[in-house]
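Inspection log for the structure reproduced underneath, given as structure tokens.
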Ligand SMILES: [Zn+2]
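Chains as they are written, first to last, in UniProt numbering: chain A, 1 to 132; chain B, 1 to 195.
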């Protein structure tokens, strides 16, 4: 006999969400003991989410963080000052290259400001819901 | 958000790269997992994860330090993934033919001769199958199910990430779960005799 009782589906959801009361659990499991369809349905629901849980969490390459940092806009002045006090020689060498790099940075900034802002706003501010 | 993280955010807002590196290390694997399960390709997920952190850094001034950084970065990652799925959707099928290249499938004439993304995803067969089934879910169920069952987040956290009421998250998790059950069963060739 096929069981079409939606009441048990909603009880299954409650149990799977860990939100069922003791009596709701008892009611569901009493029904599962007698109804093969619901029993199978419940098993399958549990199984499909357990499968998700078993998926591996692959690792990112070791240099991921480094790669991200390399793509950030240059550090602001106080951070640079902190760094130069720790690395005076490299800092001195860097001063020679400074005028050139400033031009490059300025050009880069300009591109960023012009091109990316609209989509950025879209990604950052809108929740996924609003975009469906 | 813990005090350490609050201090890090404060430094990042002043432009401290090292502080940001600590935040990246804290959340990179979760961000990568979300992107990977949303889009299905490791390579693409890596790019999306990188983009998510760069965006977070560039817009850190908009981040409210009283909230969780995890919520914010997970939201950016989810949105970027959905965005990328949408941009791909209307594109030409890789099996389509271009006039003048009779008999050659598009993927054999693309520059670089790269393996199609689908094939580099996950080697293991079960893993591949599960990923395929996740990919069959509509985006809004997919993200809810991934955050709930792969990231193990609470409905409350998911509701903050997706900016929707807890009740809506619950409905999406239920529908996603049910759809996943149904599709997995169908793909195993079993008949579904209920509902
Ligand atoms: Zn029943």
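Here a beta-carbon is modelled for each residue, glycine too, at the ideal position from N, C-alpha and C.
Original post:
If you measure from the CB of residue 13 of chain A, is any heavy atom of ligand 1 nearer than 7 Å?
Top reply: Counting from 1 along the first chain, the entry for residue 13 of chain A is found at position 13. When distances are taken from the beta-carbon of residue 13 of chain A to the heavy atoms of ligand 1, even the shortest one reaches 7 Å or more.
Subject >> residue 17 of chain A versus residue 75 of chain A - alpha carbon distance >> reply: Against the first chain, residue 17 of chain A aligns to sequence position 17. Against the first chain, residue 75 of chain A aligns to sequence position 75. When rounded, the distance between both Cα atoms is 46 Å.
**OP:** Show which residues of chain A have a CB atom less than 7 Å away from the CB atom of residue 127 of chain B.
**Re:** Here residue 127 of chain B corresponds to residue number 127 of the second chain, with the count starting at 1. Within 7 Å Cβ-Cβ: 55 and 56.
Subject >> Where the alpha helix (DSSP H) containing residue 128 of chain B begins and where it ends >> reply: The residue given as residue 128 of chain B occupies position 128 in the second chain. Segment 125–136, the alpha helix (DSSP H) holding residue 128 of chain B.
Original post:
Quick one: what's got a C-beta closer than 6 Å to residue 43 of chain B's C-beta in the same chain, skipping five residues either side?
Top reply: Your numbering for residue 43 of chain B matches position 43 in the second chain. The answer is none, since no qualifying residue turns up.
Subject >> Buried/exposed call for residue 62 of chain A, threshold 16 Cβ in 10 Å >> reply: Counting from 1 along the first chain, the entry for residue 62 of chain A is found at position 62. It is exposed - the Cβ of residue 62 of chain A has fewer than 16 other Cβ atoms within 10 Å.
**OP:** Could you confirm whether any beta carbon from chain B is found closer than 8 Å to the beta carbon of residue 7 of chain A?
**Re:** Working through the first chain from its first residue, we reach residue 7 of chain A at position 7. Taking Cβ atoms only, chain B never reaches closer than 8 Å to residue 7 of chain A, which makes this a no.
Subject >> Simplified DSSP state of residue 73 of chain B, which is helix, strand or coil >> reply: As a working mapping, residue 73 of chain B is identified with position 73 in the second chain. Collapsing the DSSP output to three states places residue 73 of chain B in a helix.
Original post:
Does residue 142 of chain B come within less than 8 Å of chain A when only Cβ atoms are used?
Top reply: Start at 1 with the first residue of the second chain, and residue 142 of chain B comes out as number 142. Contacts with chain A at 8 Å (Cβ-Cβ) do not include residue 142 of chain B.
Original post:
Along chain A, which residues have their Cβ under 8 Å away from the Cβ of residue 46 of chain B?
Top reply: Here residue 46 of chain B refers to the residue found at position 46 when the second chain is read from its first residue. Residues of chain A passing the Cβ test: 60, 61 and 64.
Original post:
How would you list, in chain order, the residues of chain A whose beta-carbon sits under 7 Å from the beta-carbon of residue 4 of chain B?
Top reply: If you number the second chain from 1, residue 4 of chain B lands on position 4. Listed along chain A is no residue with a C-beta nearer than 7 Å to that of residue 4 of chain B; the closest approach is about 17 Å.
Subject >> Neighbouring residues, chain A, relative to residue 17 of chain B (Cβ below 8 Å) >> reply: Walking along the second chain from the start, residue 17 of chain B turns up at place 17. What residue 17 of chain B touches in chain A: 69, 72, 75 and 79.
Original post:
Should the segment 67–81 of chain B be called in touch with the segment 24–31 of chain B, which here means at least 3 C-beta pairs below 8 Å?
Top reply: In short, these stretches touch, since the Cβ pair count reaches three.
**OP:** Kindly provide the chain-ordered list of residues whose Cβ lies closer than 6 Å to any non-hydrogen atom of ligand 1.
**Re:** Residues with a Cβ closer than 6 Å to any heavy atom of ligand 1, in chain order: A/3, A/5, A/8, A/31, A/35, A/37 and A/38.
Original post:
For residue 184 of chain B, does the three-state DSSP call read helix, strand or coil?
Top reply: Numbered from 1 along the second chain, position 184 holds the residue referred to as residue 184 of chain B. Residue 184 of chain B falls in the helix class under three-state DSSP.
Original post:
Do residue 141 of chain B and residue 49 of chain A come within 8 Å of each other at the CB atom, strictly closer than that value?
Top reply: As a first step, residue 49 of chain A must be located in the first chain, where it is residue number 49. As a first step, residue 141 of chain B must be located in the second chain, where it is residue number 141. No, these two residues do not count as a Cβ contact at 8 Å.
Original post:
Under 8 Å between C-beta atoms, does residue 68 of chain B make it to chain A?
Top reply: One-based indexing of the second chain puts residue 68 of chain B at position 68. Not closer than 8 Å to any Cβ of chain A, the Cβ of residue 68 of chain B fails to qualify, so no.
Original post:
Taking residue 40 of chain B as the reference, which of B/53, B/127, B/4 and B/63 has the closest Cα?
Top reply: As a first step, residue 40 of chain B must be located in the second chain, where it is residue number 40. It is B/127 whose Cα lies nearest to the Cα of residue 40 of chain B.
Subject >> Reduced DSSP category for residue 39 of chain B - H, G, I as helix; E, B as strand; rest coil >> reply: As a first step, residue 39 of chain B must be located in the second chain, where it is residue number 39. Three-state DSSP puts residue 39 of chain B in a helix.
Original post:
Name the chain A residues that come within less than 9 Å of residue 87 of chain B, Cβ to Cβ?
Top reply: As a first step, residue 87 of chain B must be located in the second chain, where it is residue number 87. Within 9 Å Cβ-Cβ: nothing; residue 87 of chain B doesn't reach chain A, min ~10 Å.
**OP:** Could you list which residues in chain B have their beta carbon closer than 7 Å to that of residue 51 of chain A, in chain order?
**Re:** For the purposes of this step, residue 51 of chain A is taken as the residue at position 51 of the first chain. Chain B residues near residue 51 of chain A: 130.
**OP:** Take residue 50 of chain B as the anchor and find which of B/17, B/32, B/66 and B/2 has the nearest alpha-carbon.
**Re:** Within the second chain, numbered from 1, the residue matching residue 50 of chain B stands at position 50. Answer by Cα proximity: B/32.
Original post:
In three-state terms, what does DSSP make of residue 163 of chain B?
Top reply: Numbered from its first residue, the second chain carries residue 163 of chain B at position 163. Coil.
Original post:
In whole angstroms, what separates the C-alpha of residue 39 of chain A from that of residue 45 of chain A?
Top reply: Within the first chain, numbered from 1, the residue matching residue 39 of chain A stands at position 39. Within the first chain, numbered from 1, the residue matching residue 45 of chain A stands at position 45. In this structure, the alpha-carbon of residue 39 of chain A lies about 10 Å from that of residue 45 of chain A.
**OP:** Using a cut-off of 7 Å between C-beta atoms, extract the partners of residue 11 of chain A located in chain B.
**Re:** Translated into positions along the first chain, residue 11 of chain A becomes position 11. Chain B residues near residue 11 of chain A: none, gap ~12 Å exceeds 7 Å.
Original post:
What separation, rounded to the nearest whole angstrom, lies between the Cα atoms of residue 188 of chain B and residue 132 of chain B?
Top reply: Position 188 of the second chain, counting from 1, holds the residue named residue 188 of chain B. Position 132 of the second chain, counting from 1, holds the residue named residue 132 of chain B. Here the alpha carbons of residue 132 of chain B and residue 188 of chain B stand approximately 13 Å from one another.
**OP:** Determine whether the Cβ of residue 111 of chain A lies closer than 8 Å to any Cβ atom of chain B.
**Re:** To locate residue 111 of chain A, count along the first chain from 1; it is residue 111. Its pLDDT being 48, under 50, residue 111 of chain A is placed unreliably in this model, and the value from its coordinates should be taken loosely. No, residue 111 of chain A lies away from the interface with chain B (no Cβ there is under 8 Å from its Cβ).
Original post:
Would residue 57 of chain B count as contacting chain A if we go by Cβ distances under 8 Å?
Top reply: The residue given as residue 57 of chain B occupies position 57 in the second chain. Yes, residue 57 of chain B lies at the interface with chain A (some Cβ there is under 8 Å from its Cβ).
Original post:
In or out: residue 53 of chain B buried (at least 16 other Cβ within 10 Å) or exposed?
Top reply: If you number the second chain from 1, residue 53 of chain B lands on position 53. Residue 53 of chain B should be labelled buried.
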